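Right, one structure below, let's go through it.
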Amino acid sequence: MLWIEAVRTLSADLEEPFELEFIWRNLHELNKLSWLNLMREKITDQELNLLTELSERLIKNEPPQYIVGWAEFYELKFKVDERVLIPRPETEELVEMILTENNNDSLKILDIGTGSGAIAISLAKARQNWSVKASDISQNALELAAENAKMNHVNLEFIQSDVMDELTDRFDIIVSNPPYIAFDETYEMDDSVIKYEPDLALFAKNQGLAIYQKIADQAVNHLTDDGKIYLEIGYKQGKAVQAIFQEKFTDRLVSIHQDIFGKDRMISVK
Ligand SMILES: C[S@@+](CC[C@H](N)C(=O)[O-])C[C@H]1O[C@@H](n2cnc3c(N)ncnc32)[C@H](O)[C@@H]1O
1 MLWIEAVRTL SADLEEPFEL EFIWRNLHEL NKLSWLNLMR EKITDQELNL LTELSERLIK
61 NEPPQYIVGW AEFYELKFKV DERVLIPRPE TEELVEMILT ENNNDSLKIL DIGTGSGAIA
121 ISLAKARQNW SVKASDISQN ALELAAENAK MNHVNLEFIQ SDVMDELTDR FDIIVSNPPY
181 IAFDETYEMD DSVIKYEPDL ALFAKNQGLA IYQKIADQAV NHLTDDGKIY LEIGYKQGKA
241 VQAIFQEKFT DRLVSIHQDI FGKDRMISVK
């Protein structure tokens, strides 16, 4: 059997027809031309077994990023596996907003719930004068985030903490993309997210608002006088999260911002 026949047959039941190509090329570091040349060759039994195994994993909805072991975020590469959420394009918009609104003055930054380290590492990479701390309640996530910091050549401080319980300092910018999905909202989620991504990264009590509430309660004592907060939110949570922060920061401007699809996606406190 030729490679092209095997790929066609094994891709027939996949939602995304190019996923097998993406995964094989990544695992074997093949460029497009080498892949196209491969298509004309005979596939060995061993290769067919491997390709079949990959297609079965995709049919079971395993995210391609977990299969290849990395994801791209803000033009950087991050190792990902089932310890951490796969960083999303919406979160790139949060990073973009922070960088657009803040120059390279030496600032102290805290990323709460860093996961793969995507936000903290992207900020540290773009702003060499910033001193960035990244926290997570999950030690497993922090271990992977530390590997990602090393791989991307940035120096960050990592700390295991339930929100800010273990932190004593004040920050110029507090950023977070916390877990914000309500436990009864699984009907809206993709099967691959529910099955493979960590619950700890997805769900929060109090209709998904519990971690925002804890951040608001604690940020009062951890923000510098003119410090700012930037948060990612679920698209239906704008008004609720705005109210939580406005109650704690009565003299500040708490704004809701939309993503490129026009959905409420970010909150800033300035
Ligand atoms: C939605 S993920 C975000 C990961 C990463 N910042 C990103 O944007 O891709 C939320 C992260 O918050 C962490 N987390 C959950 N509860 C937490 C808590 N109480 N305190 C600190 N981190 C928490 C999870 O382990 C997870 O890594």
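Numbering-wise, the sequence shown is residues 1 to 270 according to UniProt numbering.
Note that CB positions come from ideal geometry on N, CA and C, so glycine has one too.
Because the structure is a prediction, the values reported are computed rather than measured.
The straight-line gap separating the alpha-carbon atoms of residue 160 and residue 263 is approximately 32 Å. DSSP places residue 159 within a strand segment (E or B) once states are collapsed to three. The way I'd put it, the stretch 177-187 does touch the stretch 198-214; three or more beta-carbon pairs between them come closer than 8 Å. With a cut-off of 7 Å, the C-beta of residue 192 is classified as distant from ligand 1, since no heavy atom of the ligand falls inside that distance.
A contact between stretches requires three or more CB pairs, one per stretch, nearer than 8 Å, and the stretch 131-148 meets this requirement with the stretch 70-89.
Note that the C-beta distance between residue 123 and residue 79 is not below 8 Å. The DSSP-derived three-state label of residue 8 is helix. Your pair residue 227 and residue 174 checks out as a contact, with CB atoms roughly 7 Å apart and the cut at 8 Å. Cβ-Cβ separation between residue 111 and residue 119: approximately 5 Å, consistent with a contact (criterion under 8 Å). Relative to the non-hydrogen atoms of ligand 1, the Cβ of residue 201 comes within a distance shorter than 7 Å of at least one.
Bounds of the beta strand (DSSP E) holding residue 230 are 223-232.
At the C-beta level, residue 212 and residue 244 come within 8 Å of one another.
For residue 141, the distance from the CB to the nearest heavy atom of ligand 1 is below 7 Å. Annotation: residue 38 is outside any beta strand (DSSP E); the continuous alpha helix (DSSP H) that includes it extends over 32-39. Of the candidates 172, 208 and 126, 208 places its Cα closest to the Cα of residue 181.
In the three-state reduction of the DSSP assignment, residue 245 falls in the helix class, which pools H, G and I.
Taking C-beta atoms as the reference points, residue 241 and residue 231 count as a pair closer than 8 Å.
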